[in-house]
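Novice:
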Amino acid sequence: MTAQPPPEHPDFLWRNPEPRASYDVVIVGAGGHGLATAYYLAKNHGITDVAVLEKGWLAGGNMARNTTIIRSNYLWDESAAIYEHALKLWEGLPAELDYDILFSRRGVLNLAHTLQDVREGVRRVGANRLSGIDAQWLGPEEAAEVCPILNVSPRSRYPVLGGTFQPRAGIAKHDHVAWALARRADEMGVDLIQGCEVTGFLKDGDRVVGVRTSRGRVLAGRVGLAAAGHSSVLAERAGVRLPVQSHPLQALVSELHEPVHPTVVMSNHVHVYVSQAHKGELVMGAGVDAYNGYGQRGSFHVIERQMAAAVELFPVFARAHVLRTWGGIVDVTPDASPIIGTTAVENLYVNCGWGTGGFKATPAAGWTFAHTIATGEPHPLNVPFTLERFTTGALIDEHGAAAVAH
Ligand SMILES: Cc1cc2nc3c(=O)[nH]c(=O)nc-3n(C[C@H](O)[C@H](O)[C@H](O)COP(=O)(O)OP(=O)(O)OC[C@H]3O[C@@H](n4cnc5c(N)ncnc54)[C@H](O)[C@@H]3O)c2cc1C
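Mapping of the sequence shown onto this note's numbering: position 331 corresponds to residue 357, and the numbering continues sequentially without gaps.
1) Please look up how many angstroms separate the CB atoms of A169 and G188, rounded, as I've assumed it's under 8 Å.
2) So, helix, strand or coil for Q142, using DSSP?
3) Would K305 be called buried (16 or more neighbouring beta carbons within 10 Å of its own) or exposed?
4) Would DSSP call Q332 helix, strand or coil?
5) Return yes when at least one heavy atom of ligand 1 lies under 7 Å from the C-beta of R91, else no.
6) Taking the Cβ atom as the reference point for each residue, do V234 and V244 lie within a distance shorter than 8 Å?
7) Assuming the contact rule is C-beta atoms closer than 8 Å, V216 and T74 should be a hit. Round their C-beta distance to whole Å, please.
8) Are the Cβ atoms of P45 and R241 separated by less than 8 Å?
9) Sort A312, V358, D160 and G196 by Cα distance to H425 and report the nearest one.
10) Do N99 and I159 have their CB atoms nearer than 8 Å?
11) Can you look up P410 in the DSSP assignment and give me helix, strand or coil?
12) Quick test of the definition: if touching needs 3 or more C-beta pairs under 8 Å, does the region 103-116 touch the region 386-398?
13) To the nearest angstrom, how far is the alpha carbon of H256 from that of G72?
14) Among residues of its own chain, excluding the 5 on either side of D143, which ones have a beta-carbon nearer than 8 Å to its beta-carbon?
15) Provide the residue span of the alpha helix (DSSP H) that contains L123, from first to last.
16) Decide if E167 is buried, meaning its Cβ has at least 16 other Cβ atoms within 10 Å, or exposed.
17) By how many angstroms is the C-alpha of E403 removed from the C-alpha of V224?
18) When every heavy atom of ligand 1 is checked, does at least one fall within less than 7 Å of the C-beta of F385?
19) Just checking Q220 against ligand 1 - is the residue's beta carbon closer than 7 Å to any of the ligand's heavy atoms?
20) Give a single yes or no on whether V216 has its beta carbon closer than 7 Å to a heavy atom of ligand 1.
21) Which residues does DSSP list as the beta-bridge partners of N377?
22) If you draw a straight line from the alpha carbon of H327 to that of S301, how long is it in whole angstroms?
23) With a 10 Å radius around its C-beta and 16 neighbouring C-beta atoms as the bar for buried, classify M27 as buried or exposed.
24) Return the residue from the list I422, S258 and A420 that minimises the CA-CA distance to T369.
25) State the beta-bridge partners of R233 as determined by DSSP.
26) Out of T63, W40 and V203, state which residue places its alpha-carbon closest to the alpha-carbon of I127.
27) Our contact map puts V78 next to I219 with C-beta atoms below 8 Å; I'd like the distance itself, whole angstroms only.
Laid out in structure tokens, this is it:
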């Protein structure tokens with residue numbers, strides 16, 4: 027934090043103010059969701075007495091580690107509504123934030139390799155169309171037209187039987203997204219405070235009135251948790267038990283290549299997903315490690331399987347070399363859907379459980395979480411995603427659309 031910023035880096039990354047004694051709203055976690063929440067609190071609700079407290083550096087958690095897939099083709103109406111709201115927001119963000127977030131609508135192809143995959147995919151295409159979401163079912167040859175290096179040979183071990191395709195889906199550049207949101211929030215008066223770990227909560231009876239941090243106590247009218255991967259541990263310190271488990275999730279990139287992969291391809295069944303970054307790396311995601319953990323690294327055998335799957339789907343990758351691998355910590359709910367809402371503790375709000383797929387939701391998560399914090403009530407889009415569903419049983423099971431890490 028003491029070094030001088032390189033000229034091309036925005037100065038809010040380096041300023042790092044001391045936390046003030048009190049704020050109207052404290053957001054815990056400066057990942058994409060925390061930053062988007064701060065931005066929409068200021069923009070949509072005029073609430074600018076806000077601090078975003080980050081234990082590490084700005085957007086150095088999952089926001090820096092994800093594979094940036096953006097799509098909205100989930101199965102259930104509730105999910106389709108919130109993810110489609112996000113997709114529409116993504117479309118306007120570069121102009122709104124005046125920042126090139128390299129949002130590239132290159133389409134996302136979800137492959138089917140079994141009859142069950144085909145049934146799930148065809149059903150989801152139908153459901154998506156009824157929700158007004160662009161969705162197509164492609165046969166193997168049509169899939170190969172979208173991605174010519176895809177192996178659609180009927181002789182492969184798990185032949186491609188077809189796939190769902192969402193043309194408006196794509197990728198964006200995650201650090202640009204974080205900086206764009208942070209810059210606007212900073213301009214509107216939000217304090218972005220790095221190296222400030224929230225270690226506990228200040229309570230007055232059943233009410234949260236502030237947070238304990240590694241840089242002292244901070245009073246707060248309202249506290250919003252946006253600490254993906256650490257949500258259950260943190261909430262427990264405030265007396266709230268969340269139905270969330272943390273798992274390592276990995277990805278890797280190859281060295282740089284000329285453009286060979288024009289879209290995004292995902293396969294639940296052989297379990298890999300691939301896109302090509304703007305710079306040229308092949309970006310490949312793996313599945314979650316099965317054990318619970320908080321280390322930002324995963325097991326080697328997961329990468330090994332992921333590579334085997336990638337080479338089967340794209341034989342040309344056998345000549346590519348891995349440049350680097352990394353892991354993040356994602357928090358997973360029983361129905362593979364997120365939690366955004368109030369808690370039993372007054373003034374404490376949670377946004378968590380986005381599992382392997384919360385990057386795509388960043389603007390909508392921020393939009394709805396900001397609304398929930400500002401008004402004390404969930405936004406219509408996150409009413410179905412509050413904690414109540416775990417007692418009413420109205421779960422939103424998205425394992426079919428969210429099973430592969432993405
Ligand atoms: C390998 C990988 C690939 C992924 N690929 C995709 C994808 O292609 N598409 C997609 O939609 N999603 C993807 N995801 C999921 C997505 O990254 C997450 O769902 C999303 O980033 C979570 O929201 P966030 O950005 O706010 O999280 P984070 O960036 O993790 O932000 C949470 C922040 O909270 C901070 N924090 C935690 N505890 C404390 C504390 N006590 N005090 C202060 N700060 C704290 C952390 O340091 C962190 O910076 C992927 C995730 C991983 C790991």
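Heads up, the beta-carbon is just placed ideally off N, CA and C, and yes, glycines get one too.
Specialist: According to the structure data:
1) 7 Å
2) helix
3) exposed
4) helix
5) yes
6) no
7) 6 Å
8) yes
9) V358
10) yes
11) helix
12) yes
13) 29 Å
14) L137, L187, N294 and H295
15) D103 to L123
16) exposed
17) 25 Å
18) yes
19) no
20) no
21) I366
22) 22 Å
23) Model confidence at M27 stands at a pLDDT of 40, short of 50, so the residue's coordinates are unreliable; what they give is reported in the following sentence. M27 should be labelled exposed.
24) S258
25) D230 and E372
26) V203
27) 7 Å
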